[in-house]
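Report on the structure given below.
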Amino acid sequence: MHKITHVQTKPGSILKVTFSDGVCGELCIADRLYGPIFEPLKNPELFAQAKVDSFGIVCWPNGADLDSDVLYREISTGTDDAQSDNSWDEFFNQTPAFDDDFMSDRTK
Numbered sequence: 004m005h006k007i008t009h010v011q012t013k014p015g016s017i018l019k020v021t022f023s024d025g026v027c028g029e030l031c032i033a034d035r036l037y038g039p040i041f042e043p044l045k046n047p048e049l050f051a052q053a054k055v056d057s058f059g060i061v062c063w064p065n066g067a068d069l070d071s072d073v074l075y076r077e078i079s080t081g082t083d084d085a086q087s088d089n090s091w092d093e094f095f096n097q098t099p100a101f102d103d104d105f106m107s108d109r110t111k
């Protein structure tokens with residue numbers, strides 16, 4: 004897991020993030036601010052309260068947080084997973100399907 008050591012907020016829902024290995028960059032997360040947890044972050048006063056928790060994750064007082072590994076990948080590769088790729092589809096395609104005989108194999 005990539006740990007975040009510093010976060011700074013900027014107008015326009017932009018985060019400047021620094022990681023423990025020195026990688027640093029900015030991301031606009033405006034397109035992710037929807038739903039009951041993230042929509043309140045459209046309020047600039049709440050958005051500005053972003054901090055890094057003891058696990059090295061960006062979080063806010065309302066319970067919203069962002070996956071540091073996703074942020075790291077986006078910053079280090081210049082991609083925006085929320086807009087450009089199908090990483091969840093790729094994950095589920097690589098995950099083996101549940102086998103109905105899973106438990107029967109354990110009871111033999």
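Residue numbers (the numbering used here): 4 to 111. Using N, Cα and C, we set each Cβ at its ideal position, and we do this for glycine too.
Query: Once you ignore the five residues that flank Ser87 on each side, which residues in its own chain have a CB closer than 8 Å to its CB?; Result: Note that Ser87 has pLDDT 36, beneath the 50 cutoff, so the model's placement of it is unreliable and no number is given.
Query: With 9 Å set as the bound, which would you pick, yes or no: does the beta-carbon of Pro39 sit closer than that to a beta-carbon of chain C?; Result: Although the question refers to chain C, the structure presented lacks it and comprises just one protein chain.
Query: Output the distance between the C-alpha atoms of Ile7 and Ala67, rounded to the nearest integer angstrom.; Result: 16 Å
Query: Provide the residue(s) that pair with Ile7 in DSSP beta bridges, ordered along the chain.; Result: Phe22
Query: Buried or exposed for Glu77, please, with buried defined as at least 16 other CB atoms from any protein chain shown within 10 angstroms of its CB.; Result: buried
Query: How is the alpha helix (DSSP H) around Leu49 delimited, first residue to last?; Result: Pro47 to Phe50
Query: Ordered along the chain, which non-local residues of its own chain (more than five positions away) have a Cβ less than 8 Å from that of Gly51?; Result: The sequence given here places Ala at residue 51; Gly does not occur at that position. Thr12.
Query: For Tyr75, count neighbouring Cβ atoms within 10 angstroms of its own Cβ and tell me buried if that reaches 16, exposed if not.; Result: buried
Query: Whole-angstrom Cβ separation of Leu69 and Val61, contact assumed at under 8 Å?; Result: 5 Å
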